[in-house]
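Just so we're aligned: 1057 in the working numbering is position 17 of the sequence shown, and the numbers increase by one with no gaps anywhere.
Beneath this line is the structure, given in C-alpha coordinates, with notes to follow.
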Amino acid sequence: MSTDTTATVSTHVLDTSVGRPAASVPVRVSTRADATAGWTPLGGSLTDPDGRCADLPALPEDAAQVRLEFDTGAYSAQEKGSSAAGPMEGGAFFPEVAIVFTVRPGEHHHVPLLLSPFGYSVYRGS
(Lines of atoms letter the chains of each structure in order from A and count residues from 1; the text may use other names and numbers.)
(Lines give C-alpha, C1' and ligand atoms only; values in the text may rest on other atoms or scores of the structure.)
Protein backbone atom coordinates (compact mmCIF):
# COMPACT_ATOMS: atom_id res chain seq x y z
CA MET A 1 0.00 0.00 0.00
CA SER A 2 1.36 3.44 -0.83
CA THR A 3 1.48 6.36 1.56
CA ASP A 4 1.89 10.05 0.81
CA THR A 5 5.66 9.56 0.68
CA THR A 6 6.13 6.01 -0.57
CA ALA A 7 5.63 4.77 -4.12
CA THR A 8 4.68 1.16 -4.82
CA VAL A 9 5.35 -1.05 -7.81
CA SER A 10 3.82 -4.20 -9.30
CA THR A 11 4.22 -6.14 -12.52
CA HIS A 12 3.00 -9.11 -14.45
CA VAL A 13 4.38 -10.97 -17.46
CA LEU A 14 2.38 -12.27 -20.41
CA ASP A 15 3.86 -14.60 -23.03
CA THR A 16 2.19 -13.35 -26.19
CA SER A 17 3.71 -16.16 -28.29
CA VAL A 18 1.46 -18.70 -26.58
CA GLY A 19 -1.29 -16.40 -25.32
CA ARG A 20 -0.91 -17.05 -21.60
CA PRO A 21 0.72 -15.69 -18.45
CA ALA A 22 4.42 -16.38 -18.00
CA ALA A 23 4.81 -18.31 -14.73
CA SER A 24 8.02 -18.62 -12.69
CA VAL A 25 9.85 -15.68 -14.26
CA PRO A 26 12.46 -14.36 -11.80
CA VAL A 27 12.04 -10.60 -11.27
CA ARG A 28 14.54 -8.42 -9.37
CA VAL A 29 13.89 -4.90 -8.08
CA SER A 30 16.45 -2.13 -7.58
CA THR A 31 16.01 1.58 -6.82
CA ARG A 32 18.01 4.76 -6.80
CA ALA A 33 17.35 8.20 -5.35
CA ASP A 34 18.24 10.06 -8.56
CA ALA A 35 19.65 9.48 -12.04
CA THR A 36 23.26 9.89 -10.86
CA ALA A 37 23.06 7.53 -7.86
CA GLY A 38 24.03 3.88 -7.90
CA TRP A 39 21.41 1.14 -7.88
CA THR A 40 20.37 -0.43 -4.57
CA PRO A 41 19.08 -4.01 -4.96
CA LEU A 42 15.93 -4.62 -2.91
CA GLY A 43 15.24 -8.27 -3.68
CA GLY A 44 13.01 -10.14 -6.02
CA SER A 45 10.21 -12.56 -6.63
CA LEU A 46 8.92 -15.15 -9.10
CA THR A 47 5.82 -14.67 -11.17
CA ASP A 48 2.91 -16.87 -10.10
CA PRO A 49 0.73 -19.00 -12.45
CA ASP A 50 -1.11 -15.80 -13.46
CA GLY A 51 2.21 -14.14 -14.36
CA ARG A 52 2.02 -11.76 -11.39
CA CYS A 53 4.49 -10.99 -8.60
CA ALA A 54 2.49 -10.76 -5.40
CA ASP A 55 5.45 -10.18 -3.10
CA LEU A 56 7.78 -7.62 -4.64
CA PRO A 57 9.76 -5.75 -1.98
CA ALA A 58 8.55 -2.37 -0.75
CA LEU A 59 10.26 0.72 -2.14
CA PRO A 60 12.21 3.04 0.15
CA GLU A 61 10.84 6.55 0.65
CA ASP A 62 13.69 8.14 -1.31
CA ALA A 63 13.13 6.00 -4.43
CA ALA A 64 13.00 8.17 -7.55
CA GLN A 65 13.74 5.50 -10.14
CA VAL A 66 13.06 1.77 -10.19
CA ARG A 67 14.67 -0.96 -12.25
CA LEU A 68 12.81 -4.23 -12.83
CA GLU A 69 14.99 -7.02 -14.21
CA PHE A 70 13.19 -9.99 -15.73
CA ASP A 71 15.21 -13.20 -16.18
CA THR A 72 13.61 -14.16 -19.49
CA GLY A 73 16.43 -16.62 -20.18
CA ALA A 74 15.34 -18.74 -17.21
CA TYR A 75 11.75 -18.59 -18.44
CA SER A 76 12.83 -19.63 -21.95
CA ALA A 77 14.82 -22.58 -20.57
CA GLN A 78 11.81 -23.63 -18.49
CA GLU A 79 9.51 -23.42 -21.51
CA LYS A 80 11.98 -25.37 -23.66
CA GLY A 81 11.35 -28.38 -21.44
CA SER A 82 7.55 -28.05 -21.51
CA SER A 83 5.21 -29.52 -24.09
CA ALA A 84 3.88 -26.04 -24.92
CA ALA A 85 7.30 -24.56 -25.66
CA GLY A 86 6.21 -22.82 -28.83
CA PRO A 87 8.63 -20.48 -30.59
CA MET A 88 10.76 -19.86 -27.45
CA GLU A 89 12.26 -23.36 -27.64
CA GLY A 90 15.41 -22.18 -29.41
CA GLY A 91 16.45 -20.08 -26.40
CA ALA A 92 15.84 -16.50 -25.45
CA PHE A 93 16.93 -13.82 -27.90
CA PHE A 94 16.59 -11.40 -24.96
CA PRO A 95 17.91 -13.40 -21.97
CA GLU A 96 17.19 -10.48 -19.66
CA VAL A 97 14.85 -7.52 -19.89
CA ALA A 98 15.66 -4.50 -17.70
CA ILE A 99 13.08 -1.74 -17.40
CA VAL A 100 13.93 1.58 -15.71
CA PHE A 101 11.20 4.07 -14.86
CA THR A 102 10.55 7.09 -12.66
CA VAL A 103 8.25 6.82 -9.66
CA ARG A 104 6.30 9.51 -7.87
CA PRO A 105 5.74 9.52 -4.11
CA GLY A 106 2.36 8.18 -3.04
CA GLU A 107 1.55 6.63 -6.44
CA HIS A 108 1.24 3.00 -7.45
CA HIS A 109 3.16 2.00 -10.59
CA HIS A 110 2.06 -1.16 -12.41
CA VAL A 111 4.47 -2.04 -15.23
CA PRO A 112 3.51 -5.18 -17.20
CA LEU A 113 5.88 -6.97 -19.58
CA LEU A 114 4.51 -8.50 -22.79
CA LEU A 115 7.05 -11.05 -23.97
CA SER A 116 7.55 -12.76 -27.32
CA PRO A 117 10.53 -14.64 -28.77
CA PHE A 118 12.09 -11.67 -30.56
CA GLY A 119 10.58 -8.67 -28.85
CA TYR A 120 8.92 -7.28 -25.78
CA SER A 121 6.77 -4.35 -24.78
CA VAL A 122 6.11 -2.59 -21.49
CA TYR A 123 3.67 0.09 -20.43
CA ARG A 124 2.36 1.78 -17.32
CA GLY A 125 -0.79 -0.04 -16.37
CA SER A 126 -3.23 0.50 -13.55
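Glycine included, every Cβ here is placed at the ideal spot set by N, Cα and C.
Exclusion of the five residues before and after residue 1054 leaves 1060, 1061, 1062, 1091, 1152, 1153, 1154 and 1155 as the residues of its chain whose Cβ lies within less than 8 Å of its Cβ. Within the model, the alpha-carbon separation for residue 1075 versus residue 1056 is close to 32 Å.
When DSSP reads this structure, residue 1141 sits in a beta bridge with 1106. Straight across, the Cα-Cα distance linking residue 1150 with residue 1136 is about 19 Å. Between residue 1100 and residue 1083, the CB-CB gap reaches or exceeds 7 Å.
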